[in-house]
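One line per chain: the protein sequences are G and W, in this order.
Following the working numbering, the residues of the first sequence are numbered contiguously, the last one being 130.
Following the working numbering, the residues of the second sequence are numbered contiguously, the last one being 485.
Positions of the beta carbon are idealized from the N, C-alpha and C atoms, including for glycine.
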Amino acid sequence: MRLVVDLNRCQGYAQCAFLAPDVFAMHGDEGLLYDPQAEAAQRERVAQAAAACPVQAILVDELDLAAAGEAPDA
Amino acid sequence: MPDTALEQLKRSGRIVVVGASLAGLRAAETMREKGFAGSLTLIGDEPYEPYDRPPLSKSVLLGRADADRTLLPRRRALDAEWRLGVPADGLDMAARTVRLADGDTVPYDRLLIATGVRARPWPNEAEGELDGVFTLRTRDDGAALARALAAGPRRVLVIGAGFTGSEIASACRERGLEVTVAERGDGPLVGALGGVIGAVAAELQREHGVDLRTGIMVTGLEGDATGRVRAAHLSDGTTLECDVVVVSLGAQRNTEWLTGSGLGAGPRGIACDAGCRAFDIRGIVTDDIYVAGDVARSPHALFGYQFLSLEHWGNAVAQAETAAHNMLSESTERRPHLWVPAFWSSQFGVNIKSVGVPSMGTEIMIAQGSRAERRFTGVYGYQGRVIGAVTFDNSRWLQFYEQQIEATAPFPLPFTTVDRRSDGHKPMPADFPDPSVPTHGPTITLSGYSPADRRITFTPAGH
Ligand SMILES: Cc1cc2nc3c(=O)[nH]c(=O)nc-3n(C[C@H](O)[C@H](O)[C@H](O)COP(=O)(O)OP(=O)(O)OC[C@H]3O[C@@H](n4cnc5c(N)ncnc54)[C@H](O)[C@@H]3O)c2cc1C
Ligand code: SF4
Chain G
57 MRLVVDLNRC
67 QGYAQCAFLA
77 PDVFAMHGDE
87 GLLYDPQAEA
97 AQRERVAQAA
107 AACPVQAILV
117 DELDLAAAGE
127 APDA
Chain W
23 MPDTALEQLK
33 RSGRIVVVGA
43 SLAGLRAAET
53 MREKGFAGSL
63 TLIGDEPYEP
73 YDRPPLSKSV
83 LLGRADADRT
93 LLPRRRALDA
103 EWRLGVPADG
113 LDMAARTVRL
123 ADGDTVPYDR
133 LLIATGVRAR
143 PWPNEAEGEL
153 DGVFTLRTRD
163 DGAALARALA
173 AGPRRVLVIG
183 AGFTGSEIAS
193 ACRERGLEVT
203 VAERGDGPLV
213 GALGGVIGAV
223 AAELQREHGV
233 DLRTGIMVTG
243 LEGDATGRVR
253 AAHLSDGTTL
263 ECDVVVVSLG
273 AQRNTEWLTG
283 SGLGAGPRGI
293 ACDAGCRAFD
303 IRGIVTDDIY
313 VAGDVARSPH
323 ALFGYQFLSL
333 EHWGNAVAQA
343 ETAAHNMLSE
353 STERRPHLWV
363 PAFWSSQFGV
373 NIKSVGVPSM
383 GTEIMIAQGS
393 RAERRFTGVY
403 GYQGRVIGAV
413 TFDNSRWLQF
423 YEQQIEATAP
433 FPLPFTTVDR
443 RSDGHKPMPA
453 DFPDPSVPTH
463 GPTITLSGYS
473 PADRRITFTP
483 AGH
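Next comes the structure, spelled out in structure tokens:
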């Protein structure tokens, strides 16, 4: 599943790293590293992380969430 | 509802987007969100769906993510026709068509141009083609460089210490690779953040084991018999052995395809009004052509109506949304693009963020924290007002200073907003390099009022 974090908005609160540690990890005191294309098995956790982020910085693919894929050129 | 031209456009018009990356995708999604039901075509010269570039110099080089797995999440289904892997190579403004390199022409009622920038190549073409010489802008670049770093080179040379070059050096050190950074200016990031902050960035690099050489130029690259790079020649007369070279000299705008079209497009980008409508070469605003993202340059009320070109992720998103809104609105409903510039970078374990236009600043105050701790907020002043701010691991302060910039708050800052133990109660010169000698490509470029203005002030803000 695809995701992106708006790192202008992210304040390094690390809620996401607690909720989905396989996808989000703090890097240094304030920086955040994440896997932009997490395994499907992480869907539940990533959705929780996105909901818990206090600044709503995590955008998860709508199509992934709806599990209705649209592939370009397909 | 009266059947206006706008209603017809929304119902059955043809919108074409050239440049299928961050700005193009977010604009297309916004158009659909606003009820555009006509045909939507996205043209992109890269053969891939829109992907995210910032991870390419960060998690991808650290081996934490694959370059081919940074596809941008979608906000909604697009129902678009995708023309990927084929560049647009011409625009006929009178006929309202875009010509593709494969000979097709695509007609439009509204056109959005979001063709971004590309990496500035090494000036010597033959040397740039040596094996082991890289630039970093695309997913293919990211995959190739990540592979080269994973192979364990003996020494990496990064040419140019803007944000991208510094992030690459940081990734090398984190992987335990020997890395030399050659920078023509006095320090890393000086174009974007000035000499005071550049000095902190230089210490940070050296503490992390980077062989940082400033005030130096790479004069030539040398290959071995098999065409692999083996050494670089430096302006101080020395030779450095290296088996990977990353050319990180900033970016060039993708506007060549518009040459001769009559649109106000050139090496500085495409000039547009505050509502993202492109100017033609006569300085007259067009009705049906819009611009967004790294390729655009647009006037900003907060910064003296100077034209800003921003190579910033957040700008691409915000400007795309504004352009899409305006493309589908009556003129009285249009909105100006008044986004306050914001940028982040992470390197050597430090989270660096900025707001506003630091490079306009003539003075800087360390308002919170201290440089020695590598945790501080620096606030830039210009003509008695706050014009920008930078934080090193102190991003929670940024929003406050963003408000100060928006409110054109006075500079120097009153002591009530300044941390008592900070090391900079007094402003000092921000120490930006001579703007006429650009060190590397800018992330923020300021230029004069008119798109036809030839008296351009070039203010580099290194990337
Ligand atoms: C390695 C790297 C790290 C970055 N890190 C950060 C960061 O930490 N923070 C930050 O704020 N920003 C960062 N950025 C900048 C950010 O990625 C850009 O601001 C953003 O990608 C701009 O989006 P865009 O859509 O305007 O342009 P682009 O992403 O450049 O997309 C333009 C697209 O148009 C295509 N195109 C060009 N010409 C044609 C043509 N004639 N026909 C068809 N298609 C064409 C291009 O190939 C490209 O796919 C980074 C960029 C890079 C490369
Ligand atoms: S929860 Fe949100 S603010 Fe906190 S680190 Fe994650 S993305 Fe950033």
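Asked	Found
For R407 (chain W), the three-state DSSP class (helix, strand or coil)	strand
Three-state secondary structure (DSSP) of F58 (chain W)	coil
Chain-ordered neighbours of R58 (chain G) on chain W, where CB pairs are closer than 8 Å	L93, L94, P95 and R96
Completely contained beta strand (DSSP E) runs for the segment 345–370 of chain W, where each covers 3 or more residues	364–369
Per DSSP, cross-strand counterpart(s) of C294 (chain W)	W:A300
Interface flag, P210 (chain W) vs chain G, CB-CB below 8 Å	no
Below-8 Å beta-carbon distance, E100 (chain G) vs any chain W residue	no
Where the beta strand (DSSP E) containing R121 (chain W) begins and where it ends	T119 to L122
Cβ-based contacts, 9 Å cut-off: residues of the segment 70–83 of chain G near chain W	A81 and H83
is_contact[R48 (chain W), chain G] using C-beta, thresh 8 Å	no
Any C-beta of chain W under 8 Å from that of L119 (chain G)	yes
Proximity winner among W:L64, W:D74 and W:V377, relative to L489 (chain W) (alpha-carbon distances)	Examination of residue 489 (chain W) is not possible in this model, given that chain W is present from 23 through 485 alone.
Three-state class that DSSP yields for D111 (chain W) in the structure shown	strand
Unbroken alpha helix (DSSP H) run spanning Y312 (chain W), endpoints	Per DSSP, Y312 (chain W) belongs to no alpha helix (DSSP H); it is in the beta strand (DSSP E), V307 to V313.
Contact with chain G by D441 (chain W), beta-carbon distance below 8 Å	no
Residues, ordered as in the chain, of the segment 362–379 of chain W that lie near chain G by beta-carbon distance below 7 Å	A364, W366, S368, G371, V372 and N373
Cutoff 6 Å; reference A124 (chain G); Cβ partners in own chain excluding five residues on either side	Low confidence applies to A124 (chain G): its pLDDT is 38, below 50, so where it sits in the model is not reliable, and the reading given next is rough at best. Nothing listed; no residue qualifies.
Alpha-carbon to alpha-carbon, A166 (chain W) and G125 (chain W)	31 Å
Chain W contact for P92 (chain G) (CB, 8 Å cutoff)	yes
Chain G within 8 Å of P77 (chain W), Cβ atoms only	yes
Burial state of G41 (chain W) (16 or more Cβ within 10 Å)	buried
Rounded Cβ spacing between A338 (chain W) and A141 (chain W) (contact assumed at less than 8 Å)	So it is not a contact: roughly 17 Å between Cβ atoms.
Alpha-carbon spacing of R15 (chain W) relative to D25 (chain W), whole angstroms	Outside the displayed range of chain W (23 to 485) lies residue 15 (chain W), so it cannot be described from this structure.
As assigned by DSSP and simplified to three states, the class of R75 (chain W)	coil
Minimum Cβ-Cβ distance from E86 (chain G) to chain W less than 8 Å	yes
Buried versus exposed call for E355 (chain W) [16 or more other C-beta atoms within 10 Å across all chains shown]	exposed
Backbone CA spacing between G184 (chain W) and R195 (chain W) [nearest angstrom]	17 Å
Beta-ladder partner(s) of I386 (chain W), from DSSP	W:Y402 and W:M450
Backbone CA spacing between R58 (chain G) and F329 (chain W) [nearest angstrom]	34 Å
Enclosing alpha helix (DSSP H) for Y489 (chain W) [first to last residue]	For residue 489 (chain W) there is no data in the structure shown, the boundaries of chain W being 23 and 485.
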